[in-house]
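Peer 1: Residues 652 to 1035 (my numbering) are what the sequence shown spells out, left to right.
Quick reminder that beta carbons are idealized off the backbone N, C-alpha and C, glycines included.
Pasting in a structure now, in structure tokens, and then I'll have a few things to ask.
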Amino acid sequence: MSIISESKTRQVQTLNELSKRKVVEHNSLITSIAKMDKTPLKMFELAVSLIDTDNPPKDQTVYLSKQELFSFFNVDDSNKHSRFKEAIEKLQKQAFFKIKKAQDKGFEFESIVPIPYVKWADYHDEVTIRFSPEIMPYLINLKTNFTQHALIDMSELNSKYAIILYRWLSMNYNQYEHYRVKGGRREEQVESYRNPIISIRELRDTTDTVTEYKKFTDFERRVLKDPIKEITKHTSFNVTYEKVKKGRSIDSIVFHINKKKMADDTSYKVDDPAYIESKIRQEETENMLTIKAIKSPYTKLLMEHFLLSYLDLTDTDILSGLQKNVYPLYDELKDLRGKNGVKDHLAYIRDKQDDYSKKNITKYLKKAIEQYLPIVKRQELDHE
652 MSIISESKTR
662 QVQTLNELSK
672 RKVVEHNSLI
682 TSIAKMDKTP
692 LKMFELAVSL
702 IDTDNPPKDQ
712 TVYLSKQELF
722 SFFNVDDSNK
732 HSRFKEAIEK
742 LQKQAFFKIK
752 KAQDKGFEFE
762 SIVPIPYVKW
772 ADYHDEVTIR
782 FSPEIMPYLI
792 NLKTNFTQHA
802 LIDMSELNSK
812 YAIILYRWLS
822 MNYNQYEHYR
832 VKGGRREEQV
842 ESYRNPIISI
852 RELRDTTDTV
862 TEYKKFTDFE
872 RRVLKDPIKE
882 ITKHTSFNVT
892 YEKVKKGRSI
902 DSIVFHINKK
912 KMADDTSYKV
922 DDPAYIESKI
932 RQEETENMLT
942 IKAIKSPYTK
952 LLMEHFLLSY
962 LDLTDTDILS
972 GLQKNVYPLY
982 DELKDLRGKN
992 GVKDHLAYIR
1002 DKQDDYSKKN
1012 ITKYLKKAIE
1022 QYLPIVKRQE
1032 LDHE
């Protein structure tokens, strides 16, 4: 089987698998304060989707594939491996949930680091993820007060606030669907779950923006308008909202949630043959670019100037990114200054390289040549 045929099969299998996954969490976790940015939060949700709530994982451990992770994040750039490592570090060192629970005498607070242990290697696909014992009661043996949502709905949400709002809206809409079928609530109570209201103070707490976006216009744009657009575009919900005033100030927000019909539901796009075919073509293009980069004389020059390592040659994203975004610009420089002109440029930027640029080598090389080429072109014009 060819590399491209294997890629097609793997891509289709991965997308189909992700489309079937569900995330199940206790409502206390949904309403907690997520002290993390979007990438660790999405990675946590992806890991939770691997938990079988009826058969909890042994030692709180699940196994994720890098292929699933990169497909879920829709990552195709040249530094996805470094971004993966950075996300793991943030998830373990900076990220935690602050959970607030009502007790007889007041409130009880918990701060939980959800994933304290992750293990992976650069020579195989498996990633080992171990949850903390403290987070597990919020993820397993859930009989009441829990929320279930489709993992794929979250794959293209690009802001932390969109993810937090989507989880909260799912919690309310799940209750609407439950009581609409099972009964046990008055009609106006059932409808209130589809049109939930939240105070600005509680919304700021939940989104961890108590000290941010002091102007309401900034808060509304960053925490409400833009996230709601994302949710409506990429998930199974159509969402609108209204502002409720108390005196002159905005006191609370009422959301209106409607479930999309299957035919219009972009969250199920992985079942669309056209979508799957586009993802396959994307991977085929990346494979072709990688092969060209390996054969390119510029790759050899970068190796000679110690701007690429042998480990980089195993990273298809770095190679395809160079072939697509950097090497065409080197061709322009070569036409103007010859091969020695390219060598001189590489020698210069090698001396300027720092630790950050080494982690993002394609971005660094692209930025360097984009800044240098206009200078060379102006010099050529002046010479003429």
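Taking Cβ positions, are F758 and K751 nearer each other than 8 Å?
Peer 2: Along the sequence shown, one-based indexing puts residue 758 at 107. Along the sequence shown, one-based indexing puts residue 751 at 100. Going by C-beta atoms, F758 is nearer than 8 Å to K751.
Peer 1: Can you look up Y1023 in the DSSP assignment and give me helix, strand or coil?
Peer 2: Counted from its first residue, the sequence shown places residue 1023 at position 372. Helix.
Peer 1: Measure the alpha-carbon distance for K736 versus Q840 and round it to whole angstroms.
Peer 2: As a first step, residue 736 is located in the sequence shown; it is residue number 85 there, counting from the start. As a first step, residue 840 is located in the sequence shown; it is residue number 189 there, counting from the start. Taking the straight line joining both Cα atoms gives about 46 Å.
Peer 1: With DSSP as the reference, label D902 as helix, strand or coil.
Peer 2: The residue given as residue 902 occupies position 251 in the sequence shown. Strand.
Peer 1: Just mark K659 as buried or exposed, buried being the case when its beta carbon has 16 or more other beta carbons within 10 Å.
Peer 2: The residue given as residue 659 occupies position 8 in the sequence shown. Bear in mind that a pLDDT of 47 at K659, under 50, signals an unreliable position, so the number given afterwards is only what the model happens to contain. By the neighbour-count rule (16 or more Cβ atoms within 10 Å), K659 is buried.
Peer 1: Rounded to a whole number of angstroms, what is the C-alpha to C-alpha distance between I815 and G989?
Peer 2: In the sequence shown, the residue the question calls residue 815 occupies position 164. In the sequence shown, the residue the question calls residue 989 occupies position 338. Taking the straight line from one Cα to the other gives about 53 Å.
Peer 1: Which runs of the beta strand (DSSP E), 3 residues or longer, sit entirely within the stretch 707-783?
Peer 2: Counting only runs of 3 or more, we get 712-716, 747-754, 757-763, 768-771 and 777-781.
Peer 1: Find the nearest neighbour of M954 within the set W771, L997 and I848, judged by alpha-carbon distance.
Peer 2: Indexing the sequence shown from 1 puts residue 954 at position 303. Comparing Cα-Cα distances from M954 to each of W771, L997 and I848, the minimum goes to L997.
Peer 1: Ordered along the chain, which non-local residues of its own chain (more than five positions away) have a Cβ less than 7 Å from that of S947?
Peer 2: Numbered from 1 along the sequence shown, position 296 holds the residue referred to as residue 947. Taken in chain order, the residues that qualify are Q974 and Y978.
Peer 1: Please list the segments of the alpha helix (DSSP H) lying wholly inside the stretch 781-841, counting only runs of 4 or more residues, in order along the chain.
Peer 2: Taking only runs of at least 4 residues, the alpha helix (DSSP H) segments lying wholly in the stretch 781-841 are 811-833.
Peer 1: Any idea which residues DSSP pairs V675 with across the strands?
Peer 2: Sequence index remark: in the sequence shown, residue 675 carries index 24 (1-based). Answer by DSSP bridge pairing, in chain order: Q799.
Peer 1: Taking Cβ positions, are Y714 and E777 nearer each other than 8 Å?
Peer 2: In the sequence shown, residue 714 corresponds to position 63, counting from 1. In the sequence shown, residue 777 corresponds to position 126, counting from 1. Yes, these two residues count as a Cβ contact at 8 Å.
Peer 1: Starting from F695, trace the alpha helix (DSSP H) both ways and give me its first and last residue.
Peer 2: Counting from one through the sequence shown, the residue named residue 695 turns up at place 44. That run of the alpha helix (DSSP H) goes K689 to V699.
Peer 1: Please name the residue or residues paired with I908 in a DSSP beta bridge.
Peer 2: Your numbering for residue 908 matches position 257 in the sequence shown. Partner(s): V890.
Peer 1: Considering just the uninterrupted stretch of the beta strand (DSSP E) at I702, what are its terminal residues?
Peer 2: What you label residue 702 is simply residue 51 of the sequence shown in a count that begins at 1. It is not in any beta strand (DSSP E) - I702 carries neither H nor E in the DSSP assignment.
Peer 1: Are the beta-carbon atoms belonging to L952 and V993 less than 8 Å from one another?
Peer 2: The count along the sequence shown starts at 1 and reaches residue 952 at position 301. The count along the sequence shown starts at 1 and reaches residue 993 at position 342. Yes, these two residues count as a Cβ contact at 8 Å.
Peer 1: When you compare the CB positions of K794 and K689, do they come within less than 8 Å of one another, or not?
Peer 2: Position 143 of the sequence shown holds residue 794. Position 38 of the sequence shown holds residue 689. In this structure, K689 does not lie closer than 8 Å to K794 by Cβ.
Peer 1: Less than 8 Å separating the beta-carbons of L680 and L697?
Peer 2: On the sequence shown, residue 680 is found 29 positions in, with the first residue counted as 1. On the sequence shown, residue 697 is found 46 positions in, with the first residue counted as 1. Not a contact, by the Cβ cut-off of 8 Å.
Peer 1: In this structure, how does DSSP classify S960 when only helix, strand and coil are distinguished?
Peer 2: Counted from its first residue, the sequence shown places residue 960 at position 309. Correct three-state label for S960: coil.
Peer 1: For L790, does the count of other Cβ atoms within 10 angstroms reach 16, so buried, or fall short, so exposed?
Peer 2: Here residue 790 refers to the residue found at position 139 of the sequence shown. Burial call: buried.
Peer 1: Alpha carbon to alpha carbon, what distance is there between D1005 and V895?
Peer 2: Numbered from its first residue, the sequence shown carries residue 895 at position 244. Numbered from its first residue, the sequence shown carries residue 1005 at position 354. Their Cα atoms are separated by approximately 51 Å.
Peer 1: Spatial neighbours of M687 within its chain, please: CB distance less than 6 Å, with the 5 preceding and 5 following residues excluded, ordered by chain position.
Peer 2: Stepping through the sequence shown from its first residue, residue 687 is reached at position 36. Contacts found: A746.
Peer 1: Hey, would you say V769 sits closer than 8 Å to Q799, going by beta carbons?
Peer 2: What you label residue 769 is simply residue 118 of the sequence shown in a count that begins at 1. What you label residue 799 is simply residue 148 of the sequence shown in a count that begins at 1. For V769 and Q799, no; Cβs fall outside 8 Å.
Peer 1: Below 8 Å on the Cβ atoms is my guess for I908 versus L820; work out the distance and round it to an integer in Å.
Peer 2: Within the sequence shown, numbered from 1, the residue matching residue 908 stands at position 257. Within the sequence shown, numbered from 1, the residue matching residue 820 stands at position 169. Right, the Cβ-Cβ distance comes to about 6 Å (below 8 Å), so this counts as a contact.
Peer 1: With a 10 Å radius around its C-beta and 16 neighbouring C-beta atoms as the bar for buried, classify A914 as buried or exposed.
Peer 2: Residue 914 sits at position 263 when you count from the first residue of the sequence shown. In this predicted model, A914 has a pLDDT of only 43, less than 50, meaning its place in the structure is not dependable; the value taken from the coordinates is given anyway. A914 should be labelled exposed.
Peer 1: Kindly indicate which residue of L959, E937 and L970 has the alpha-carbon position closest to the one of I945.
Peer 2: Along the sequence shown, read from residue 1 onward, the residue named residue 945 stands at position 294. Cα-wise, what sits closest to I945 is L970.
Peer 1: Check the DSSP bridge columns for S850 and list the partner residues they point to.
Peer 2: The residue labelled residue 850 in the question sits at position 199 within the sequence shown. Paired residue(s): S903.
Peer 1: Taking K598 as part of the alpha helix (DSSP H), name the residues at either end of that continuous run.
Peer 2: The requested residue 598 does not occur in the structure, where the chain is confined to residues 652 to 1035.
Peer 1: Give a yes or no on whether 8 Å exceeds the smallest Cβ distance from T886 to chain D.
Peer 2: Among the protein chains of the structure shown there is no chain D, as only one such chain exists.
Peer 1: Can you tell which of K897, F870, D804 and P708 has the C-alpha that lies nearest to the C-alpha of F888?
Peer 2: For this step, residue 888 is matched to residue 237 along the sequence shown. Nearest of K897, F870, D804 and P708 to F888, Cα basis: D804.
Peer 1: Determine whether the beta carbon atoms of I901 and F867 lie at a separation below 8 Å.
Peer 2: As a position in the sequence shown, residue 901 is number 250, starting the count at 1. As a position in the sequence shown, residue 867 is number 216, starting the count at 1. A contact, by the Cβ cut-off of 8 Å.
Peer 1: Should K897 go down as buried or exposed, given a rule of 16 or more other Cβ atoms within 10 Å for buried?
Peer 2: By 1-based counting over the sequence shown, the position of residue 897 is 246. Exposed, because fewer than 16 other Cβ atoms sit within 10 Å of the Cβ of K897.
Peer 1: Would you report the Cα separation of I851 and A685, rounded to the nearest angstrom?
Peer 2: Residue 851 sits at position 200 when you count from the first residue of the sequence shown. Residue 685 sits at position 34 when you count from the first residue of the sequence shown. Straight-line Cα distance between these residues: approximately 17 Å.
Peer 1: DSSP puts A685 in a beta bridge; with which residues?
Peer 2: As a position in the sequence shown, residue 685 is number 34, starting the count at 1. Paired residues: F748.
Peer 1: Identify whether K866 lies in helix, strand or coil by the three-state DSSP scheme.
Peer 2: As a working note, residue 866 is residue 215 in the sequence shown. Coil, per DSSP.
Peer 1: Identify the continuous alpha helix (DSSP H) that holds K880 and give its terminal residues.
Peer 2: Taking the sequence shown and counting its residues from 1, the one referred to as residue 880 is at position 229. That run of the alpha helix (DSSP H) goes D877 to H885.
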